[in-house]
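Here the sequence shown is numbered in our numbering, starting from 34 and rising by one per residue. Just below is one structure, and these are the notes that go with it.
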Amino acid sequence: MSLIRKNPVNTTTRSVPVSNLIGSLSRGLKAAVPTMDRRTFLKRSGIGVGAGIAVSQLNLVQKASAADPSKAMLDGKGKIEVKRTVCTHCSVGCASDATVENGVWVRQDPVFDSPINMGGQCAKGAALREHGHGDYRLRYPMKLIDGKYQRITWDQALDEITAKMKDLRAKYTPDSLYFIGSSKFNNEQAYLLRKWVSFFGTNNTDHQARICHSTTVAGVANTWGYGAMTNSYNDMMNSKAALYIGSNAAEAHPVSMVHMLHAKENGCKLIVVDPRYTRTAAKSDQYVRIRSGSDIPFLFGVLYHVFANGWEDKKYINDRVFGMDDIRKEVMEKWTPAAVEEACGVPEAQVYKVAQTMAMNRPSTIVWCMGQTQHTIGNAMVRASCILQLALGNIGKSGGGANIFRGHDNVQGATDVGPNPDSLPGYYGLAAGSWKHYATVWGVDYEWIKGRYAPNMMEKSGTTVSRWIDAVLENPDMIDQETAVKGVFFWGHAPNSQTRGLDMKRAMNKLDLLVVVDPYPSATAAMAAMPAAKGEEVNKNRAVYLLPACTQFETTGSVTASNRSIQWREKVIDPLFESVPDHVIMQEFANRLGFGKELSVNYKVTDAKYAGKNWQEPEIESILREINRAVWTIGYTGQTPERLKAHMRMMSVFDPKTLKSRGGKDPVTGYDTTGDYFGLPWPCFGNAALKHPGSPNLYDTSKHVMDGGGNFRANFGVEKDGKSLLAADGSYSKGADIKTGYPEFDHVLMKKLGWWSELTEAEQKAAEGKNWKTDLSGGIIRVAMKNHGCHPFGNAKARAVVWNFPDPVPQHREALYSTRPDLVAKYPASADRKTFWRLPTLYKSLQDKNIEDKLADKFPIILTSGRLVEYEGGGEETRSNPWLAELQQENFVEINPSAAAKRGIKNWDYVWVKSPTGAKIKVRAMVTERVGPDTAFVPFHFSGWWEGKDLLEYYPKGAHPIVRGEAVNTATTYGYDNVTMMQETKTTICQIEKVA
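See the structure below:
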């Protein structure tokens, strides 16, 4: 018997024995079911073999029985509610309506009124209900005892963890602990964790954005002011051409492709640039295969033809761009067609065609994702993309822009207001003035916060999540803090999403304290429980705890999509098992650590009952109001809970192309949405009374600032090398009273302009000595924007040259692990850094050693990684979902037929993918021309195997993913961006061998 099964990524089919198809799945469920055929799988997943499949195609979930723990009777006579929530599985922001009967989530439907997803759902979105009601969740607190996880009470867990934290803090410093937050938090929880960590007394905190888009944030913010997607998914319907580079949106952000397909129906030309022929490439008009890591040669090759043919927007560059002459010189002298083809493998004619398409079909947009960001020069690659769009005059234009798709449901929001090691919420930085601003907002004394920190550490950036491993393993004398890290919290973070898996396991073994707070135990649990490698030891004093947090369907709060629209999630169900909401856990730890009162002084706090225990719960709305009071920099001040909730109820009035409300009052509050853009995309300036509508497209001078228009930020001074950094005369936002460039507004400028008298007496008192970012009254913003049509952050030129970066003009540098020694000689890595984010960081010395060791001969294939449509992030929760687990049951490596033939590898053979680190992973071989002969691809969503061994026995009983497999990052190598510490995952090297 055989079953025709589609390959995970392509449209080709193959015949596979059923025993192969279900093998790993049945092993995953062997504790529950001795054998597992397809019919049994579907039955256990709640899908009928016939009708159920048809229902799944409609993106509907069938009614569930009210089994334990709720025991509600579903007789049709109980309480039925519909709760509106937002998908947790990527950054598009798809809305979903959950039908809840007697407390049980029985059905879900996509929201057809949502202007973002317009009724669309992908496989992950259609399976949300199982994420909430999943059988494989972590149900109660557990502790690792003698190699096995044992159930303990919440009080025992909290008592022991707090005691250990106090001990480490006293014995060493607050910096001896490291707190990994989460992009799965809502905005309020992400913000609260940064505040919580600050009161603990350390900046050693970070989250997933570091290893996803930190290079985007740094590169984009340092080019034109804000580090975010400039336009929206919806606005791409106005594009005449679109260049996707390092983005496989069809799988990573499936619903976003709906908007691009609408654009294609209107004649948009789709170009896909990628080392792989992806599902996105299958929809393209032009596909360009480049060598992984060669984005700058390609992009500057495109610019070469733009400049050579006079296709650049000369007036736009003159009025709104600084330093383009330096770029032109670099491009025309260095990146000739021959040099481009040598570096990235793309012939001149193909590069020319891309340039011509982008130039002749304006407005044209560019899309990038982690294929561009996760490199040692990711910041420079990002800036090259920005420079291309500036040269074409596409930024600040509807249908243009830089559309940067983020990976998690709230990775944008968590970056904006959450646990970053180098900044307080809103990118305020760590200078004394920033701390004093927040001390005022938080209602605590600045000196009290300062006293919580080790001496001289309060204004020093913490270690990044990409390097916490080295903060544990490095010689303490080489770490720029008093001690190495001794304790780590994984608070909603997957370790298999990080590189250097072998080193991470060693770091876990060395810790004194390891705490996992998550609805699912994550790969951390299994990695911590498995024995140490031969010759290594586990710290005998190490304590490991698993704490069950709620899913986002068991709490409420706001989340920010990639396009900066903010949406409000309703709580769908009450917390299941012994799970507790993250913000409640934070409050409890704060109480036990002695700063609970300070943490929640501004919040409404209520008594709550979770897991049979009494807790204090800070009100989510109160936390958002504090964000509204604090975060003026990026305009998180206008999105009050009331406005956001009204938008969710009134989705039908927002235009799906412009996001603008056609008009309509919320029947609950009477709030008039007229003029608003959906989700009040930040910046939404001023307080709610100003009624700023949000900013759908950043830097758009064709609109008044009170209609979401804008210009580039004056964030880098007013002059450089005798040249003005401010916008040219005649370049200004529609309706502005100042019709030239101007600096950001502060009390001095307001007085010079004669506008100070337009502030009320109370506003004058609050604004004295302040600028627009620290004026808590909002008066400076109100007068500048409403009265005079000017942006509070000034009106300046974007920077094509970023003089404060290691490479002011973006430079191509070969990956540290390269298969091309000849190109390493031409484009070497930058110099090593002695102290960088508290740690020494290797670049050229490691690259030179790799060349000396001739690693390219031993490991001749470029290894890259990416996403699948079936799974999300580290994959633990989606691989624990039977609806999704059935779709992709084993991890695999894509290998070109010629490379496979040389190694005697046939399709779906087991193979070893071997790394220069000494690691090896066992995966299936998918023989396909989607990758070239020099490249291999492995999805990064898998974990639960370790160098060929299934780790099922090391997971907590009943809390393991159904599908387990090797993590590609067990085998990935060292390498970090030279600005942000972004990890290198897209360009390393490997060897592939058939398993004997």
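All residues carry an ideal CB built from backbone N, CA and C; glycine is no exception.
So, at 7 Å on beta carbons, what are the nonlocal neighbours of residue i in its own chain, with the 5 sequence-adjacent residues on each side left out?
i, result
"GLU114", "VAL133"
"ALA392", "VAL339, TRP344 and LEU425"
"GLN383", "VAL321"
"CYS1023", "PHE892, ILE894, LEU896, VAL946, LYS947, SER948, ALA969 and ALA1004"
"VAL571", "ASN542 and ALA565"
How big is the Cα-Cα spacing for residue i and residue j?
i, j, result
"ILE350", "LEU423", "7 Å"
"LEU171", "ASN914", "13 Å"
"GLN183", "VAL548", "14 Å"
"ASP1010", "GLN405", "12 Å"
"MET490", "THR256", "29 Å"
"GLU654", "ALA559", "36 Å"
"VAL617", "GLY476", "20 Å"
"ASP607", "GLU587", "5 Å"
"THR178", "ALA562", "Here the sequence assigns Ile to residue 178, which means Thr is not the residue at that position. Cα to Cα, ILE178 sits roughly 9 Å from ALA562."
"VAL960", "PRO994", "27 Å"
"ASN1", "HIS166", "Here the chain covers residues 34 to 1029 and nothing more, so residue 1 does not appear."
"VAL1028", "ILE954", "11 Å"
"ILE482", "VAL521", "22 Å"
"ILE329", "LEU276", "14 Å"
"LYS29", "ASP840", "One cannot answer for residue 29 here, as it falls past the ends of the chain, which runs 34 to 1029."
"PHE212", "THR1003", "22 Å"
"TRP836", "ALA341", "26 Å"
"VAL379", "LYS935", "25 Å"
"ASP168", "ALA540", "31 Å"
"ASP536", "HIS408", "19 Å"
"VAL902", "GLN154", "11 Å"
"GLY234", "TRP501", "17 Å"
"ASN508", "THR121", "39 Å"
"LEU294", "SER878", "46 Å"
"VAL996", "VAL964", "25 Å"
"GLU245", "MET262", "Looking at the sequence provided, one finds Cys at residue 245 rather than Glu. Each residue's Cα considered, the two are about 14 Å apart."
In three-state terms, what does DSSP make of residue i?
i, result
"PRO989", "coil"
"ILE884", "helix"
"ARG140", "strand"
"SER655", "helix"
"CYS377", "helix"
"LYS785", "helix"
"PHE232", "helix"
"PHE869", "strand"
"CYS1023", "strand"
"ALA251", "helix"
"ASN572", "coil"
"GLN405", "helix"
"PRO843", "coil"
Can you list, in chain order, the residues of its chain whose CB lies under 6 Å from that of residue i, leaving out five sequence neighbours each side?
i, result
"PHE333", "VAL364 and TRP368"
"THR248", "THR406, GLY411, ASN412, VAL415, ASP1010, THR1013 and MET1015"
"ASN220", "GLY446, VAL450 and SER591"
"ALA97", "Unreliable positioning characterises ALA97 in this predicted model, as indicated by a pLDDT of 42, which lies under 50. A coordinate reading is not provided."
"PHE925", "VAL956, ARG957 and MET959"
"GLY827", "ALA747, TYR775, PRO776 and GLU777"
Using 8 Å for Cβ pairs, my map puts residue i next to residue j. What's the rounded Cβ distance?
i, j, result
"GLN141", "SER129", "5 Å"
"GLY822", "HIS737", "6 Å"
"PRO989", "MET175", "5 Å"
"ARG533", "TYR1007", "6 Å"
"LYS646", "TRP941", "That belief does not hold up - the Cβ atoms of LYS646 and TRP941 are roughly 50 Å apart, past 8 Å."
"PRO454", "THR497", "6 Å"
"ALA858", "TYR876", "No, ALA858 and TYR876 are not in contact; Cβ-Cβ is about 15 Å, not under 8 Å."
(request) Determine contact between the region 205-222 and the region 513-533, defined as no fewer than three beta-carbon pairs at a distance below 8 Å. (result) yes
(message) Quick check: the region 675-684 against the region 134-148, are at least 3 beta-carbon pairs closer than 8 Å?
(response) yes
(message) I want to know whether the region 440-448 touches the region 582-602 - three or more CB-CB distances under 8 Å.
(response) yes
(request) Could you tell me whether the region 240-255 touches the region 399-419, where touching means 3 or more Cβ pairs closer than 8 Å? (result) Touching, yes, given that three or more Cβ pairs across the two stretches are closer than 8 Å.
(message) Check whether the region 703-713 and the region 783-793 are in contact - that is, three or more C-beta pairs closer than 8 Å.
(response) In this structure the region 703-713 does not lie against the region 783-793, because fewer than three pairs of beta carbons, one per stretch, are closer than 8 Å.
(request) Determine contact between the region 691-708 and the region 654-674, defined as no fewer than three beta-carbon pairs at a distance below 8 Å. (result) no
(message) For the structure I just gave you, are there three or more beta carbon pairs, one from the region 902-920 and one from the region 969-978, closer than 8 Å?
(response) yes
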